[in-house]
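Input: a single structure, listed below in C-alpha cells.
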C-alpha cells in the first residue's frame with residue numbers, strides 16, 4: 004500500500020491526537036492532526052487523500068455545524084479529497100446533510116469509531 008496523506012480535524016485535542024496516533028500505527032500513511040477547520044484549509048495545498056472531519060468544530064465559529072462549512076470549502080478547493088464526517092450527532096438528517104455536501108462516510112463518535120474508520124480508510128485508500 005502506497006503512503007497516503009490523511010488529515011484529522013477535530014477541536015477535541017485528545018481525540019484528534021489519539022486518532023492520528025492510531026492511524027499512524029495501523030497504516031503506513033502520513034497523518035496530521037488539526038484542531039481548527041481553518042488550519043486544515045491552510046494546508047490543503049499539501050493534497051491530502053483523506054480528511055476525517057468533526058461535524059461540530061466549536062472553536063472556529065459559534066455555528067454548531069461548522070464542519071459542514073469546512074466540508075464545503077474542502078470540496079470546492081479539491082473535489083478528489085475523500086472526507087469522513089465524524090460526529091456525535093445521531094439524527095439521520097445530519098448524516099444525510101453531510102453526505103449531500105460531499106462526505107463519503109458518516110461515523111458516530113463512540114467506542115467502535117476507530118474500527119469503523121480503519122475499515123473505511125482501507126476501502127478508500129486501497
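Numbering (my numbering), first residue to last: 4 to 129.
The beta-carbon is built from N, C-alpha and C at its ideal position, and this holds for glycine as well.
C-beta atoms of residue i and residue j nearer than 7 Å
i	j	result
residue 84	residue 31	no
residue 17	residue 58	no
residue 73	residue 40	yes
residue 70	residue 56	yes
Residues that residue i bridges to, as DSSP identifies them
i	result
residue 36	11
residue 17	Answer by DSSP bridge pairing: none, since residue 17 is not bridged.
residue 110	89
residue 53	9 and 85
Cβ-based burial, residue i [other Cβ within 10 Å; buried from 16]
i	result
residue 91	exposed
residue 26	buried
residue 108	buried
residue 45	exposed
residue 93	exposed
Whole-Å CB distance - residue i paired with residue j, under 8 Å assumed
i	j	result
residue 34	residue 43	Incorrect: roughly 13 Å between the Cβ atoms, too far for contact.
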